[in-house]
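Take a look at the structure below.
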Ligand SMILES: NC(=O)C1=CN([C@@H]2O[C@H](COP(=O)(O)OP(=O)(O)OC[C@H]3O[C@@H](n4cnc5c(N)ncnc54)[C@H](O)[C@@H]3O)[C@@H](O)[C@H]2O)C=CC1
Ligand SMILES: O=C(O)C(=O)COP(=O)(O)O
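In full-length UniProt numbering, the protein residues as written are 1 to 510.
Structure representation (structure tokens):
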């Protein structure tokens, strides 16, 4: 939190959401741990919210889809508590096989019953790890130091990484059947909920030990009961529960179930790490710098951000202008990158372009977080292409919009230390800055057109800042793009449309 406390721009309110009902609508940012449930209902009460920071890893307490729909960035602190969670898992493993909590209670009860607490060694045992990300792999390192062999199931794990960490990759069934101890380290998702349920528990070795320091529900709590009763499962260590706190849960009655109250990340070090990480990211966000640990935005490093920043702005302007020009329903946007920009992280630029395009069309907030989702909802598809055709510029972004009976193409370039320029507009080569109050006029290429337009605007007290003209061929289709000191009203548009040889007049705000 220190970075936030040091910032003069940030006011910190530390309360439970239920105690802050009256103020909820005022907050720009929300920082939470796992106990706060960020539901759609809560988000509805927070119309000002721009970012949610999870000071930890798991975001299963946050309705990320609902946040994304509203254009709210969700960030977490992905590695600040990894070591603490891995160490806690290991502490639970040792406690489980040596029955330390039970022995502790016994001695505290003034008993001295050594024969009741004969345990097992970890040395030489097969450890099954399900989910081999940051925490799973740290657990593996410690297991190897204890002389255990490590058998991993993770559908996304590469052979190289497994070899590097000295573990063997297996199918889920293989891990279930060979492991003496199984520990789960996946996120809680549709796929992992109930991963260790009746069917899979039945595949485990008789006398297996199970550990869940990831999320309640990955091991099905109800399904576990008969396996404990029959002695098939020798013991279970749980740091997390389907409902937290678990209340009077039947699992708590078993002597060989050892538990902690979601303490995996509860160390001084981990809390300092995650709080600092998330606070720094939050400040970056409000300073307009990239955030690197967003759940609902592609990751972007500072270096990459600095390179794409200019194109990000250009993309947004291309989208914005094209959307107003094509003020009809559209089905498809096609973006082509050429020259230096084609080597950059274009996904971000495309998202920005898409957000610019959608902004004049939708009432709700649309930004690079929810642009793809909003486009999908409206049946607009989009795609990226790469080309060598830069039209003589160092870089060129070209956007083609496909509407029902019309297709429109706009191309732009970014010139360092000069700015963005639109260099092609609806088939005509032109050169103007996509800024401010613009007016598009399509007309026949005849002498005197500029004067006529100037007269009408002058009569309505509209000052022209710049004027660019272009045409396909002499005497054919021609266009003017004017930049004006103030926006024009409908009356001015009508007056211009009445000039002979003017075919279309459109207002474009950029
Ligand atoms: N008890 C506690 O206080 C803490 C719990 N956690 C929890 O630990 C879990 C793991 O965290 P990290 O290692 O940081 O995450 P991670 O994202 O680095 O690793 C998760 C791994 O699970 C794998 N995975 C995803 N779906 C899978 C599936 N269906 N089957 C097998 N593997 C699958 C992924 O490929 C990934 O390698 C999370 O659920 C997190 O919320 C994290 C920190 C503290
Ligand atoms: O980071 C995680 O996923 C955790 O489970 C830690 O949760 P906490 O912040 O301790 O409520």
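Quick reminder that beta carbons are idealized off the backbone N, C-alpha and C, glycines included.
Taking 7 Å as the cut-off, does the CB of residue i come closer than this to any heavy atom belonging to ligand 1?
i: residue 262; result: yes
i: residue 81; result: yes
i: residue 192; result: yes
i: residue 33; result: no
i: residue 135; result: yes
i: residue 132; result: yes
i: residue 245; result: no
i: residue 240; result: yes
i: residue 183; result: no
i: residue 68; result: no
i: residue 95; result: no
i: residue 209; result: no
According to DSSP, is residue i helix, strand or coil?
i: residue 488; result: coil
i: residue 165; result: coil
i: residue 430; result: strand
i: residue 7; result: coil
i: residue 43; result: helix
i: residue 436; result: coil
i: residue 83; result: helix
i: residue 227; result: helix
i: residue 92; result: helix
i: residue 327; result: coil
i: residue 115; result: helix
i: residue 373; result: helix
i: residue 389; result: coil
i: residue 156; result: coil
i: residue 311; result: helix
i: residue 483; result: strand
i: residue 411; result: strand
i: residue 382; result: strand
i: residue 352; result: helix
i: residue 60; result: coil
i: residue 340; result: helix
i: residue 506; result: strand
Using 8 Å for Cβ pairs, my map puts residue i next to residue j. What's the rounded Cβ distance?
i: residue 128; j: residue 179; result: 3 Å
i: residue 488; j: residue 462; result: 6 Å
i: residue 381; j: residue 332; result: 5 Å
i: residue 283; j: residue 3; result: 6 Å
i: residue 349; j: residue 386; result: About 12 Å separates the two Cβ atoms, so there is no contact after all.
i: residue 476; j: residue 500; result: About 16 Å; that fails the 8 Å criterion.
i: residue 53; j: residue 24; result: Not really, about 16 Å apart at Cβ, beyond 8 Å.
i: residue 208; j: residue 238; result: So it is not a contact: roughly 15 Å between Cβ atoms.
i: residue 376; j: residue 391; result: No, residue 376 and residue 391 are not in contact; Cβ-Cβ is about 32 Å, not under 8 Å.
i: residue 277; j: residue 80; result: 5 Å
i: residue 92; j: residue 213; result: 6 Å
Check whether the Cβ of residue i lies closer than 7 Å to any heavy atom of ligand 2, and answer yes or no.
i: residue 266; result: yes
i: residue 512; result: Past the boundaries of the shown model lies residue 512; the chain is included only from 1 to 510, so the question cannot be answered.
i: residue 58; result: yes
i: residue 234; result: no
i: residue 55; result: yes
Tell me which same chain residues have a C-beta within less than 7 Å of the C-beta of residue i, skipping the five on either side of it?
i: residue 59; result: 74, 76 and 295
i: residue 71; result: 365, 366, 367, 369 and 370
i: residue 343; result: none
i: residue 102; result: 117 and 255
Please name the residue, chosen from the options, that lies closest to residue i on a Cα-to-Cα basis.
i: residue 234; options: 226, 241 and 319; result: 226
i: residue 154; options: 130, 349, 137 and 164; result: 130
i: residue 241; options: 448, 159, 224 and 390; result: 224
i: residue 558; options: 201, 30 and 57; result: With the chain running from 1 to 510 in the structure shown, residue 558 is simply not present.
i: residue 251; options: 118, 392, 220 and 420; result: 220
i: residue 372; options: 214, 46, 100 and 68; result: 68
i: residue 165; options: 418, 142 and 307; result: 142
i: residue 498; options: 455, 84 and 297; result: 455
i: residue 86; options: 8, 265, 407 and 447; result: 265
i: residue 406; options: 328, 23, 335 and 137; result: 328
i: residue 503; options: 61, 486, 478 and 115; result: 478
i: residue 33; options: 48, 246, 21 and 62; result: 62
i: residue 97; options: 193, 216, 474 and 181; result: 181
i: residue 148; options: 101, 109, 188 and 94; result: 94
i: residue 210; options: 108, 89, 156 and 171; result: 89
Can you name, in chain order, every residue of its own chain whose Cβ lies under 6 Å from the Cβ of residue i, other than the five neighbours on each side?
i: residue 359; result: 366
i: residue 483; result: 436, 438, 465 and 466
i: residue 512; result: Residue 512 falls outside the range modelled here, since the chain spans only 1 to 510, and no answer is possible.
i: residue 197; result: 220 and 223
i: residue 136; result: 129 and 185
i: residue 356; result: 316, 319 and 320
i: residue 206; result: 232
Should residue i be flagged as near chain B, meaning a C-beta pair shorter than 8 Å?
i: residue 493; result: In the structure shown, chain B does not exist; there is a single protein chain.
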